[in-house]
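Worksheet: the structure to be examined is printed underneath.
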Amino acid sequence: MAEKLVKNMAKFERLTQKDFQRGFSLIEVLVALVILVIGLIGIFNLHIVAKRGSFESFQQTQASYYIDDIINRMRLNRGQLANYVGTYKGNLTAPEKICDVGVGHDVNDVCSDVQTSASDLYQWEQLFLGASEQVGGHNVGGLDLPTACIKASLAGEVTVVMSWRGIRALSDGAAKANSFVQSCGTSSDRRRVLTITTIIL
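Count the sequence shown with the numbering used here and you get residues -11 to 189, in order.
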């Protein structure tokens, strides 16, 4: 009798251990699933951070290109440097003449230096506003909320500032700059600024 009781208890212990092991395996699967989900969320967040960084880098590259573009236009029309000075936010109207034979205008229709500077500024402003790329009538190219500022001295020192809105709040890009740079664009923790100073002789 005692022997039979011991056998039954051993059998019961074996069944209990098997059931316990099955339950523990299910918990392992759930823990692994939770870890996998947390890992996927981390990868997704990393992807978002990378995309934001890529966009910020692209915007700065574009700003550098736009500054280089207007400086080259000013070099070709150095007698009119004073006409390029100003703040540009998209408020220029199309000039009477577009002085650019490269886009199909009559090569014999010669522009004066003053007309060339007006045409340069209008084309440049349209460029950084992204007017050449539109979806549903809205500009999708260029910089986000751009403001451009140009300063030129009689000695030929030219400063060009591009200010735009970044994708995330960090700090004001012009906070530690001089007053001319600080006055270009709206002060905020999303303002990005690129400034280039050069000499045009």
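Heads up, the beta-carbon is just placed ideally off N, CA and C, and yes, glycines get one too.
Counting pairs of Cβ atoms below 8 Å between the segment 177 to 184 and the segment 48 to 64, do you hit three or more?
Segments in contact, yes.
Are there three or more Cβ pairs, one per stretch, closer than 8 Å when the segment 137 to 145 is compared with the segment 65 to 77?
Output reads yes: the segment 65 to 77 touches the segment 137 to 145.
Could you pull the DSSP bridge partners for E113 from this structure?
Here residue 113 refers to the residue found at position 125 of the sequence shown. According to DSSP, which records beta bridges pairwise, E113 is partnered with nothing at all.
Let me know if Q50 comes out buried or exposed under the rule of 16 or more other beta-carbons within 10 Å of its beta-carbon.
Here the question's residue 50 lines up with position 62 in the sequence shown. Buried is the call here.
Hey, could you find the ends of the alpha helix (DSSP H) L69 is sitting in?
Mapped onto the sequence shown, residue 69 falls at position 81. Where L69 is concerned, the enclosing alpha helix (DSSP H) stretches over L69 to Y72.
With 16 as the cutoff for other CB atoms within 10 Å, does R63 come out buried or exposed?
Against the sequence shown, residue 63 aligns to sequence position 75. Exposed, because fewer than 16 other Cβ atoms sit within 10 Å of the Cβ of R63.
In the DSSP output, what is Y76 paired with across the bridge?
For the purposes of this step, residue 76 is identified with residue 88 of the sequence shown, where counting begins at 1. In DSSP, Y76 forms a bridge with A136.
Tell me which residues share the same chain as N65 and place their Cβ nearer than 6 Å to its Cβ, disregarding the 5 neighbours each side in the sequence.
As a working note, residue 65 is residue 77 in the sequence shown. If you ignore the 5 residues before and after N65, its C-beta comes within less than 6 Å of the C-beta of D101, T104 and S105, all in its own chain and listed in chain order.
Does the Cβ of A82 have 16 or more other Cβ atoms within 10 Å, making it buried, or fewer, making it exposed?
Here residue 82 refers to the residue found at position 94 when the sequence shown is read from its first residue. Burial call: exposed.
Say the cut is 7 Å; is the CB of R40 nearer than that to a heavy atom of the ligand MN?
This structure simply doesn't include the ligand MN, nor any ligand for that matter.
Which residues does DSSP pair with S151 in a beta bridge?
If you number the sequence shown from 1, residue 151 lands on position 163. Paired residues: T135 and V181.
Residues bridged to T186 by DSSP?
For the purposes of this step, residue 186 is taken as residue 198 along the sequence shown, with counting starting at 1. For T186, which the question treats as bridged, DSSP gives the partners V146.
Please confirm whether A157 and D177 have their CB atoms less than 8 Å apart.
Indexing the sequence shown from 1 puts residue 157 at position 169. Indexing the sequence shown from 1 puts residue 177 at position 189. Yes.
Among the residues of its own chain, which have a CB less than 6 Å from the CB of L61, if the five just before and after it don't count?
What you label residue 61 is simply residue 73 of the sequence shown in a count that begins at 1. As written in the sequence, residue 61 is Arg, which differs from the Leu given in the question. These residues qualify, in order along the chain: D108.
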